[in-house]
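Each protein sequence line maps, in turn, to chains P and V.
Using our numbering, the first residue of the first sequence is number 44, and each one after it goes up by one.
Using our numbering, the first residue of the second sequence is number 96, and each one after it goes up by one.
To start, the structure itself, in structure tokens.
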Amino acid sequence: MAAPKVAVVGAGVIGLSTALCIMETYPSCSVTILSEQFSPNTTSDVAAGMLIPHTYPDTPIHVQKQWFKDTFTYLFAISNSAEASEAGIHLVSGWQVFKNTPKEELPFWSDVVLGFRPMSKAELQKFPQHQSGQAFTTLKCDCPPYLLWLEKRLKATGVQMYPRKVADLWELHSKYDIIVNCAGIGAHKLVGDKNLLPVRGQVLKVHAPWVKNFIRDGDGLTYIYPGIHRITLGGTREAENWSLSPDPGTTKDIFNRCCSLEPSLWGAQDIQVKVGLRPSRQCVRLQREVLSQGGVKLWVVHNYGHGAGGFSVHRGTAKEAACLVGECIASLQRSSSRAKL
Amino acid sequence: MRVAIIGAGVIGLSTALCIHEHFHSLLPSLQLEVHADRCTPHTTSDGAAGLWQPYLSDHGNLQETLWNKETFDHLLGLLSSPAAKEMGLFLISGYNLFRQPVPDPPWKNIVLGFRNLTPKELELFPGYSYGWFNTALVLECRRYLPWLTNRLTERGVKFFHRKVESFQELFAQGVDVVINCTGVRAGELQPDPELQPARGQVIKVLAPWVKHFIITHDMESGIYNSPYIIPGEFTVLGGIYQHGNWNEANSAQDHRTIWESCCRLLPALQEAKIVGEWSGLRPARPRVRLERETISHGQLQAQVIHNYGHGGFGITIHWGCAMAAARLFGSILQEKKLAWSPQPRL
């Protein structure tokens, strides 16, 4: 059988990293990326890209932990290399603070991030409204740099990328053997997944270069994440809100909440507002499927629904998706040899 | 009462502000003036990265540790104030790296969240097998000195851009008390064999992805003779400490030493754009000279308060020393019966 032709739908962090894993594992594949949006216009570009996992209710914890570990290890190596600044990967230390101390003492990822420990009384004095907290060091993927770096590596392996809105997977069956669905929020329409819903997030990207540490309220709603050039201030979690327009009242509210956590932010300049729709699901849809239509088969690998945790698990889920692509290739090879008989 | 401060680095300006804050209401006749031949951005303080961190050991000098603590606590208290940004003050976390285990430093409970590095963290720094992590502060003098100057000007303190040749010269003009904050050149006003320059050189780069300070230590070559990286408005790369070297010009060899060793520590620095280079002379002394001296001026006795010799920890210790100098000034006032109880709480 000729080199399998794979189409990856979606060019956010999931689509790009999945395509890269496929090329690394099955270099004989021909991979093409088709996406309605590319960086800087993907959902990933809105996110801060902090490696702090989101917990998926319906995925076993040990699986989520492995995904996070794979991702952290991969990015840790990049952050330690000469490519770190080009890839937009950097270490950042800070605090997660709680107004009400959570029941569980240690999150599942506490031994993956660096130097995780409870905050001292002296550190907590900086947060008079909070009772307890955790200090640790983690990684941040700045976008667009990280996505552009992935695109550069992909192009170097011969992967082609085309802006294209795919309305139906069957559009692709004549040219491609395997479709990898990394459409994120687009999967709601693309494959009619009613379990995939947006959780709208509005963020501010501001100029405040003196902020070197991250601060996150344990409620997940208020956070300050220092990037290379800008600080991401967040945010909101608005379930089933499809609006991509920034809301001025929300902007004010986010800014006030962040300034109350970090008063020096009152001096922040050049406030930019962005909105993204987290592609949320009870669990990441990471599975392969064979679609049939009029006797024709179409192999599909789904890798979408990462919600608030895309960056934290992207490499781990990309590797698993690449394995599933491998299984599809094996199935294709079996069908093609059977067809010869 | 005319008080002249000689020197407009971090020590001179902070001492001036501290004295004015505590005594101007008590002593309406108080006239403060600053005399300096170099002002920001040309002082030694301006070249420093501004990281609050004392040396690894205080050699039993508990007084200096207390002054360091006083400074840290004072700055920490200012972090949330609107002045912090204008002062160039911000919180920063980072790493101290060693090639062998070392005792904890005397400042471990002054900084925030002090702990040893985990094995995973040490993987980031090949060649270093032991280290510390903590959160401290940076106070950038390129912003702090202009801020201090503004506060002093608002308070009516006068500035004289000139070189003072002797204490006598000021007494002859009618100055009652001189505060000697002349740093590395104090020996020109009064010989002090214990005061020596400790030359440093730094390269300033654009590396905004670096969010931590990284200080390496080589126990054999001594303090600051091992690469360090300190983020701020620019990222400062350093690692030069040359005792006895008065040369303020940049050295190409030192540039290579700093650049190569820092790039080995953080390979991504190779992509950083160099935006400046600077050399300065740390005013090194076995201990800070902070004391009163009575100097004869004709028939009169004039008072000098010395506050110099802060080595590579001037910013770290400055406020504690300013307060101590202010207390010495208070004792001068008491003796002259110019101050009455209750004295300001110093």
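For glycine and all other residues, C-beta sits at the position ideal for the given N, C-alpha and C.
{"query": "Going by the CB atoms, is the gap between V344 of chain P and I221 of chain P shorter than 8 Å?", "result": "yes"}
{"query": "Using a Cβ-Cβ cut-off of 6 Å (strictly less than) and excluding sequence neighbours within five positions of E181 of chain V, which residues of its own chain qualify?", "result": "W242"}
{"query": "Can you confirm whether R380 of chain V, when its beta carbon is compared against all beta carbons of chain P, has any partner nearer than 8 Å?", "result": "no"}
{"query": "Got a sec, what are the start and stop residues for the beta strand (DSSP E) T85 of chain P sits in?", "result": "Here T85 of chain P belongs to no beta strand (DSSP E), and DSSP marks it neither H nor E."}
{"query": "At a Cβ threshold of 8 Å, is S386 of chain P touching chain V?", "result": "Outside the modelled stretch of chain P, which goes from 44 to 384, sits residue 386 of chain P, for which no answer is possible."}
{"query": "Quick one: is L428 of chain V near chain P, going by C-beta distance under 8 Å?", "result": "no"}
{"query": "If you draw a straight line from the alpha carbon of L40 of chain P to that of A251 of chain P, how long is it in whole angstroms?", "result": "Since the first and last residues shown for chain P are 44 and 384, residue 40 of chain P lies out of range."}
{"query": "Can you list, in chain order, the residues of the region 355-368 of chain V whose Cβ is nearer than 9 Å to any Cβ on chain P?", "result": "C358, L361, P362, A363, L364, Q365, E366, A367"}
{"query": "Are A111 of chain V and H130 of chain V closer than 8 Å when you measure CB to CB?", "result": "no"}
{"query": "Do L290 of chain V and R380 of chain V have their C-beta atoms closer together than 8 Å?", "result": "yes"}
{"query": "Using 8 Å as the Cβ pair cut-off and three pairs as the minimum, do the region 323-341 of chain P and the region 77-91 of chain P touch?", "result": "no"}
{"query": "Nearest to A361 of chain P by alpha carbon, out of P:Q80, P:K112, P:K48?", "result": "P:K112"}
{"query": "Rank P:V49, P:T293, P:P187, P:A62 by C-alpha distance to the C-alpha of R358 of chain P and give the top, closest one.", "result": "P:A62"}
{"query": "Contact between the region 165-180 of chain P and the region 231-241 of chain V is defined here as three or more beta-carbon pairs at a separation below 8 Å; is this criterion met?", "result": "no"}
{"query": "Are the C-beta atoms of T166 of chain V and some chain P residue less than 8 Å apart?", "result": "no"}
{"query": "Taking only the alpha-carbon atoms, compute the straight-line gap between P96 of chain P and S82 of chain P and give it to the nearest angstrom.", "result": "23 Å"}
{"query": "Kindly list the residues whose CB is nearer than 8 Å to the CB of S307 of chain P, restricted to its own chain and excluding five residues on each side of it in sequence; keep chain order.", "result": "A251, W253, V254"}
{"query": "Could you name the residues of chain P that R246 of chain V contacts, counting a contact when the two beta carbons are closer than 7 Å?", "result": "Per Cβ cutoff of 7 Å: no residues; R246 of chain V is ~18 Å from chain P at best."}
{"query": "Taking the beta strand (DSSP E) that L364 of chain V belongs to, which residues open and close that run?", "result": "Neither: L364 of chain V is in no beta strand (DSSP E) and is coded neither H nor E."}
{"query": "Considering Cα atoms alone, identify which of P:C326, P:P241, P:G270 is closest to P100 of chain P.", "result": "P:C326"}
{"query": "So, under 8 Å CB-CB, F424 of chain V and F118 of chain V are touching, yes? Tell me the CB distance rounded to an integer number of Å.", "result": "7 Å"}
{"query": "With distance defined between alpha-carbon atoms, name the residue in P:Y219, P:A365, P:D211, P:Q245 nearest to G235 of chain P.", "result": "P:D211"}
{"query": "Can you find a heavy atom of the ligand NAP that lies under 7 Å from the Cβ of C326 of chain P?", "result": "Annotation note on the ligand NAP: not contained in the displayed structure, which lists no ligands."}
{"query": "Listing by chain order, which chain V residues have their CB less than 9 Å from the CB of R160 of chain P?", "result": "G208, R210"}
{"query": "Could you tell me the alpha carbon to alpha carbon distance between L193 of chain P and P187 of chain P, rounded to whole angstroms?", "result": "10 Å"}
{"query": "Which term fits Y336 of chain V, buried or exposed, when burial requires 16 or more other beta carbons within 10 angstroms of its beta carbon?", "result": "buried"}
{"query": "Taking the C-alpha atoms as reference points, what is the distance between G348 of chain P and S356 of chain V?", "result": "45 Å"}
{"query": "Roughly how many angstroms separate the alpha carbons of K340 of chain P and K218 of chain P, rounded to a whole number?", "result": "13 Å"}
{"query": "Just reading off the alpha helix (DSSP H) that N238 of chain P is part of, what are its end residues?", "result": "Note, N238 of chain P: premise wrong, no alpha helix (DSSP H); not H, not E."}
{"query": "CA-CA distance, T181 of chain P and W414 of chain V?", "result": "34 Å"}
{"query": "Could you confirm whether any beta carbon from chain P is found closer than 8 Å to the beta carbon of F185 of chain V?", "result": "yes"}
{"query": "Hey, how far is the Cα of D290 of chain P from the Cα of L320 of chain P?", "result": "14 Å"}
{"query": "So, is H446 of chain V buried or exposed, given that buried needs 16 or more other C-beta atoms within 10 angstroms?", "result": "Since the first residue of chain V shown is 96 and the last is 441, residue 446 of chain V is not available in this structure."}
{"query": "Is the Cβ-Cβ distance between L240 of chain V and T311 of chain V less than 8 Å?", "result": "no"}
{"query": "Listed in chain order, which residues of the region 255-272 of chain P have Cβ atoms closer than 7 Å to some Cβ of chain V?", "result": "K255, N256, P269, I271, H272"}
{"query": "What does DSSP give as the partner residues of C302 of chain P in its beta bridges?", "result": "C302 of chain P pairs with nothing; no bridge assigned."}
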